[in-house]
Amino acid sequence: MSNKRNNAAMKEILLTRKKELEEDFKQLSNAKNSDQQGQDSADQASAAVVESLENSLQSTEIQEYQMIVKSLEMIEKGTYGICIDCGLAIAEKRLNYYPNATRCLLCQEAIEQDFQKNNPPVL
Numbered sequence: 009m010s011n012k013r014n015n016a017a018m019k020e021i022l023l024t025r026k027k028e029l030e031e032d033f034k035q036l037s038n039a040k041n042s043d044q045q046g047q048d049s050a051d052q053a054s055a056a057v058v059e060s061l062e063n064s065l066q067s068t069e070i071q072e073y074q075m076i077v078k079s080l081e082m083i084e085k086g087t088y089g090i091c092i093d094c095g096l097a098i099a100e101k102r103l104n105y106y107p108n109a110t111r112c113l114l115c116q117e118a119i120e121q122d123f124q125k126n127n128p129p130v131l
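Counted from 1, the sequence shown has number 41 at position 33 by this note's numbering; the numbering is strictly sequential.
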């Protein structure tokens, strides 16, 4: 597949996922705005746990959304599929699996290893 056709296909995938995330954000916002008065303490505790989980998921979705926006900008600039660290092409297989990838596999692994090394787990 040519690069232009591949980029067009990836753009469509990214735009579809972007729209899904925007809908998720809208639904979450509407749910948070709903009236929660009249709940007993058990309901309030359950709601707090659910809200904590939703906030964690929303944070992950926000990060994904930001990466999608960045990937769409890269498509427009003609730099999509080029690793932001080493400048080499990102494998098509990786982009097919993870369309908003901005790093080749080797650079991504190096980033993750560095993160693990500098951020040991806390017990």
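Just so it is clear, CB atoms sit at the ideal spot from N, CA and C, and this is done for glycine as well.
Here Cys94 is exposed, its C-beta having fewer than 16 other C-beta atoms within 10 Å.
Counting only runs that start and end inside the segment 85 to 123, the alpha helix (DSSP H) elements of at least 4 residues fall at 100 to 105. Inclusion of Met75 and Asn127 in the CB contact set at 8 Å is not warranted, their separation being larger than that value.
The Cβ atoms of Leu36 and Glu72 do not sit closer than 8 Å to each other. Under the 8 Å Cβ criterion, the segment 111 to 121 does not count as touching the segment 13 to 25, having fewer than three qualifying pairs.
The C-alpha of Met18 lies about 8 Å from the C-alpha of Asn104. Here the C-alpha atom of Leu80 lies approximately 13 Å from the C-alpha atom of Tyr106.
Nearest neighbour of Ile92 by Cα position, chosen from Glu100, Lys78, Glu20, Lys12, turns out to be Lys78. Leu80 carries a helical assignment under DSSP once its states are collapsed to helix, strand and coil. In the displayed model, Asn127 falls within coil according to three-state DSSP, outside both helix and strand. For the 8 Å CB-CB criterion, Ile83 and Asn14 do not form a contact.
The beta carbon of Lys101 lies closer than 7 Å to none in the same chain, with the five residues before and after it left out.
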